[in-house]
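S.K.:
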Amino acid sequence: MPVTRTEVIELLSAMVEIDSVTPWLIPDGAGEGRVAQYIADWLTAADIGAEIEIVEVEPGRPNLLARLRGTGGGPTLCVNAHADTVGYANWPAEALRPRLDGDRLYGLGSADDKAGCVAGMLAMASIAKSGVKLRGDLLLACVADEEGCSIGSQHLVEMGLDIDAAIVIEPQETDELIVEHQGFGWIDVITHGVPAHGCVPEIGVDAIVHLAEVITRMHKLDNTVFIPGASAMNGRTVFHTGTISGGTDYATYPGRAVLGIEIGTQPGEHLSDRVAEIEAIFAEVAKTEPGFKGEVRVHLDREPFQARGHERLQEILTEAMTQVLGRSPKVTGMNGWTDAALMQAAGIPTLLIGSTGGNYHAPDEWASIGELVKLCDIVERAAVGYLA
Ligand SMILES: [Zn+2]
1 MPVTRTEVIE
11 LLSAMVEIDS
21 VTPWLIPDGA
31 GEGRVAQYIA
41 DWLTAADIGA
51 EIEIVEVEPG
61 RPNLLARLRG
71 TGGGPTLCVN
81 AHADTVGYAN
91 WPAEALRPRL
101 DGDRLYGLGS
111 ADDKAGCVAG
121 MLAMASIAKS
131 GVKLRGDLLL
141 ACVADEEGCS
151 IGSQHLVEMG
161 LDIDAAIVIE
171 PQETDELIVE
181 HQGFGWIDVI
191 THGVPAHGCV
201 PEIGVDAIVH
211 LAEVITRMHK
221 LDNTVFIPGA
231 SAMNGRTVFH
241 TGTISGGTDY
251 ATYPGRAVLG
261 IEIGTQPGEH
271 LSDRVAEIEA
281 IFAEVAKTEP
291 GFKGEVRVHL
301 DREPFQARGH
311 ERLQEILTEA
321 MTQVLGRSPK
331 VTGMNGWTDA
341 ALMQAAGIPT
351 LLIGSTGGNY
361 HAPDEWASIG
371 ELVKLCDIVE
381 RAAVGYLA
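Those letters in the sequence shown? Residues 1 to 388, per the UniProt record's numbering, in order.
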């Protein structure tokens, strides 16, 4: 029995109602405890014989793992989706109240990424109820903290479970099969000046003016290198400023200025390549700005994703997507970052799929119910194909 529209609406609505904001972004966020328990209870009530485990990653921050055991001798396929969401300060009254309007279900996390959890849950239940005998195990991982710093998927790969391949689910066009994506870094670019009384320019070195020189050149790097050199698979290399601070008061030369940026890396590149570019900018600014002193501090370094060893999974997923969608998928990349990078980095052949939605991380986030029904079907067929 294929998964129905009614099943999808009911389960996705229930999942949206559960607050699971990652405390990494919003310090008093609810965390993933309640949503993990809900998924465990739902799978238990479905009575499909899944082995369910709530694995505490940090206090109140569990991963939910559910294993549908095969008859033996087959591989293990992991379906990974994240159970956490971003915050909802911009739409507090509506975020946790799912609203159906035509094909769209509105609500926080409806697309990102509770749709992914729902696809994994319903596909697992549907496989079990269909009575098909599979040799391998289907492992559903509804992980914590993807919107934060991915402690959930990090913990999952560190458990050393014998996973042969992974399908990571994040919202995107349903006909896209993602085989790579950009990495990124969060970096502080710091200039050090010399604080001094405003009336002694012979002593004061203006850290903010120096930082301005750096920012202008980084903007130029974006315009002349990143934008024209955009990757056909993953788009232009991500770059934007995020935060800025510096100085102490009107009357004093600023001794320090700090710019926070987000910057991307294409597959084959590393964050050290971006750091080298920023350091080259420092060298250029130093030629014209006496007393210039720059520093780069890397706060977060996430390597790009590039699938490896995924040929069999891709063949099976392509067939499943073609059967469900009536056309072969578009094999592509993207400019965002997902836990697929962590799964692949752990040596697990990984591919990324999803279903259509919109307004991610913003008010009126929505998921297409029709597309999510198709995604459930794709996941079920791919799992059956891979684990047969
Ligand atoms: Zn997501």
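Ideal Cβ positions, reconstructed from N, Cα and C, are used throughout, including at glycine.
Under 8 Å, with one C-beta from each stretch per pair, do the region 104-114 and the region 11-18 reach the 3-pair mark?
M.R.: Yes, they touch.
S.K.: Does the Cβ of aspartate 273 have 16 or more other Cβ atoms within 10 Å, making it buried, or fewer, making it exposed?
M.R.: It counts as exposed.
S.K.: Could you pull out every residue in the same chain whose Cβ sits closer than 8 Å to the Cβ of leucine 221, ignoring the five residues on either side in sequence?
M.R.: These residues qualify, in order along the chain: Phe239, Glu277, Ile281.
S.K.: Which stretch, first to last residue, makes up the alpha helix (DSSP H) that contains histidine 155?
M.R.: Unbroken alpha helix (DSSP H) run through histidine 155: 151-158.
S.K.: Taking a contact to mean a Cβ-Cβ separation below 8 Å, would you say alanine 341 touches arginine 302 in this structure?
M.R.: Yes, they are a contact pair.
S.K.: For valine 168, is the classification buried or exposed, using 16 other Cβ atoms within 10 angstroms of its Cβ as the cut-off for buried?
M.R.: Buried is the call here.
S.K.: Run through DSSP, which three-state label would leucine 25 get?
M.R.: Reduced to three states, the DSSP call for leucine 25 is coil.
S.K.: Can you tell me whether glutamate 365 sits near ligand 1, meaning its C-beta is under 7 Å from at least one heavy atom of the ligand?
M.R.: Outside the cutoff, so no.
S.K.: Valine 79 and valine 379 - do their beta-carbons sit closer together than 8 Å?
M.R.: Taking 8 Å as the Cβ cut-off, valine 379 and valine 79 qualify as a contacting pair.
S.K.: What distance in whole Å lies between the Cβ atoms of glycine 242 and glycine 260, which are believed to be in contact at a cut-off of 8 Å?
M.R.: Correct: roughly 4 Å between the Cβ atoms.
S.K.: Nearest to alanine 382 by CA position, among Ala367, Thr322, Ile348, Pro363, is which residue?
M.R.: Ranking Ala367, Thr322, Ile348, Pro363 by Cα distance to alanine 382 puts Thr322 first.
S.K.: Using CA coordinates, which residue listed in Asp101, Asp41, Thr350, Val275 is at the minimum distance from valine 214?
M.R.: The shortest C-alpha separation from valine 214 is found at Val275.
S.K.: Residues with a Cβ closer than 5 Å to any heavy atom of ligand 1, in chain order?
M.R.: Selection output, chain order preserved: Asp112, Asp113, Glu170.
S.K.: If you check the beta carbons only, do aspartate 41 and aspartate 84 fall under 8 Å apart?
M.R.: The answer is no: Cβ separation not under 8 Å.
S.K.: How close, in whole Å, do the beta carbons of residue 467 and threonine 356 come, if the pair is a contact with beta carbons under 8 Å?
M.R.: Outside the displayed span of the chain (1 to 388) sits residue 467, for which this structure offers no information.
S.K.: Taking the continuous alpha helix (DSSP H) assigned at tyrosine 386, which residues delimit it?
M.R.: Taken as a continuous stretch (DSSP letters only), the alpha helix (DSSP H) holding tyrosine 386 covers 369-387.
S.K.: Which word fits tyrosine 253, buried or exposed, when buried means at least 16 other C-beta atoms lie within 10 angstroms of its C-beta?
M.R.: Answer is buried; the Cβ neighbour count reaches 16.
S.K.: Comparing C-alpha positions only, which one of Ile190, Glu284, Ile316 sits nearest to arginine 256?
M.R.: Considering only alpha carbons, the answer is Ile190.
S.K.: Measure the alpha-carbon distance for isoleucine 203 versus threonine 224 and round it to whole angstroms.
M.R.: C-alpha separation (whole angstroms): 36 Å.
S.K.: Quick check: the region 307-323 against the region 44-57, are at least 3 beta-carbon pairs closer than 8 Å?
M.R.: Touching, no, given that fewer than three Cβ pairs across the two stretches are closer than 8 Å.
S.K.: Given that a residue counts as buried once 16 or more other Cβ atoms are within 10 Å of its Cβ, and exposed if not, what is serine 130?
M.R.: When all chains shown are included, serine 130 counts as exposed.
S.K.: Measuring alpha carbon to alpha carbon, tell me which residue in Ala283, Glu262, Val118, Lys114 is nearest glutamine 182.
M.R.: Ranking the options by Cα distance to glutamine 182, first place goes to Glu262.
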